[in-house]
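Following the working numbering, the numbering of the sequence shown begins with 132 at its first residue and continues without gaps. Every residue, glycine too, gets a C-beta built ideally from N, C-alpha and C. The structure appears below as structure tokens.
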Amino acid sequence: MGLRTPLYDTQIAQGAKIIDFGGWDMPLNFGSQIDEHHAVRRDAGIFDVSHMCIVDLTGARTRAFLRFLLANDVAKLTLPGQALYSCMVLPSGGVIDDLIAYFMSESWFRLVVNAGTRRKDLAWIGEHAGPFGVAVRERTDLAMLAVQGPNAIAKTLPLLAPERRGAAQRIARFSGAEIDSWFVARTGYTGEDGFEIMLPAVEAAAAWRALVAQGIAPAGLGARDTLRLEAGLNLYGNDMDESRHPLESGLAWTVAFEPATRDFIGRAALTRARGTGGPALVGLVLEDRGVLRKSQQVSAATDAEAAAPRASASLGEVTSGTFSPTLNRAIALARLAPGAGPKVLVDIRGKAHAARVVKPPFVRNGKILIPV
């Protein structure tokens, strides 16, 4: 038996198929994974993300600490509730984890880190917090729900007191606000609008049932993965890890090299890697039938080879792959060497399959963003 969120019994009663996910018993789906995917793209879906690790950092020097800890710069956060996506990196530049940091007040920031990296993240944060006098508190008393889709906000508002709904509607993208006992953030991992709600664990089951009663479809990890990949969003352990730095993981935009006077862990290594023209993360669309999966090898293809594929020198490999319900074809993220052309070959069970190189995201806000 793995770790369980406060919603486990509720989800079992709703017919969830449970799998192990990083030591947690989590719902893979509640029936049809494809139906759950389409519900989020077209209407609204709800995910239990209470396995994510919420960490509160407090102390007078918390901002200074995070400017040292993170590759992105929390100096960008000036209004309470604003959020910042960043990586924590090793001195070598490798990614320890990716996370979201929320500015709550000058003496209080909140981090949300990945479930599978919880122990090493807490150890790394704790190791470096001491000299700054920053207290580190894991918020095991909180649960987290993600309500995502074009109608997610409208269907969530009825759960709030009438006098609080206006405040929720005014939350800007990538920001949050404290609304009674909830922290409601306009963030997500699906490429759709919506809320991520951090709330007392004792309130989670009732909130889940109330949201489902509003016509929001329960959704599991399967749909969450196809949605995030369509949206071109990285998954830690697949598209980035400690052996890869953000610049070769499609995350150069999350590294704040300015101001040059800011020292942060990994800065020297990332500065050396900057502009070296190393491998890059790209999108792939399979041109014929097949399934793209992690670790499949990608090789170069000329126009002639695309018509009669054959193996050639490796350019790299698939880091994440899936079937896209929105595009009705296989898509992937792949880390490829510089100079990869618009057409490549992917080795699927010993056979070369033609694929197109595209710039992710594939789909966001219900719109297909690549040529089909």
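Next on the checklist: Looking only at its chain, what residues have a beta carbon closer than 6 Å to the beta carbon of Gly-257, apart from the 5 residues adjacent to it on each side?
Outcome noted: Val-267
Checklist entry - If you drop the 5 nearest sequence neighbours on each side, which residues of the same chain put their C-beta closer than 8 Å to that of Pro-410? => result Glu-379, Gly-447, Arg-466, Leu-467, Ala-468, Pro-469
Item to check | Reference Tyr-111, options Trp-239, Val-243, Ser-223, Asn-369, closest by Cα | outcome: The requested residue 111 does not occur in the structure, where the chain is confined to residues 132 to 503.
Next on the checklist: Please state the DSSP three-state secondary structure of Ala-438.
Outcome noted: In this predicted model, Ala-438 has a pLDDT of only 48, less than 50, meaning its place in the structure is not dependable; the value taken from the coordinates is given anyway. DSSP places Ala-438 in helix when its eight states are reduced to three.
Next on the checklist: For Ala-254 and Val-180, what's the separation of their Cα atoms in angstroms?
Outcome noted: 22 Å
Item to check | Start-to-end residues for the alpha helix (DSSP H) that takes in Trp-239 | outcome: Trp-239 -> not in any alpha helix (DSSP H); beta strand (DSSP E) instead, spanning 239-244.
Next on the checklist: Considering Cα atoms alone, identify which of Val-477, Ala-260, Val-278, Arg-487 is closest to Ser-445.
Outcome noted: Val-477
Item to check | Member of Gln-300, Val-265, Val-315, Gly-325 whose CA lies at the smallest distance from the CA of Pro-281 | outcome: Gly-325
Checklist entry - Between which two residues does the alpha helix (DSSP H) carrying Lys-148 extend? => result Counting along the chain, Lys-148 falls outside any alpha helix (DSSP H), though it belongs to the beta strand (DSSP E) covering 148-152.
Item to check | Reference Val-422; option with closest CA among Ala-391, Leu-276, Pro-456, Phe-395 | outcome: Pro-456
Item to check | Rounded C-alpha distance that separates Pro-262 from Ala-461 | outcome: 48 Å
Item to check | Three-state class that DSSP yields for Tyr-139 in the structure shown | outcome: helix
Checklist entry - Is Phe-199 helix, strand or coil by DSSP? => result helix
Next on the checklist: Here's the rule: buried if 16 or more other CB atoms are within 10 angstroms of the residue's CB, otherwise exposed. What is Trp-155?
Outcome noted: buried
Next on the checklist: Going by DSSP, what residue range makes up the beta strand (DSSP E) through Leu-291?
Outcome noted: No beta strand (DSSP E) contains Leu-291, which DSSP labels as neither H nor E.
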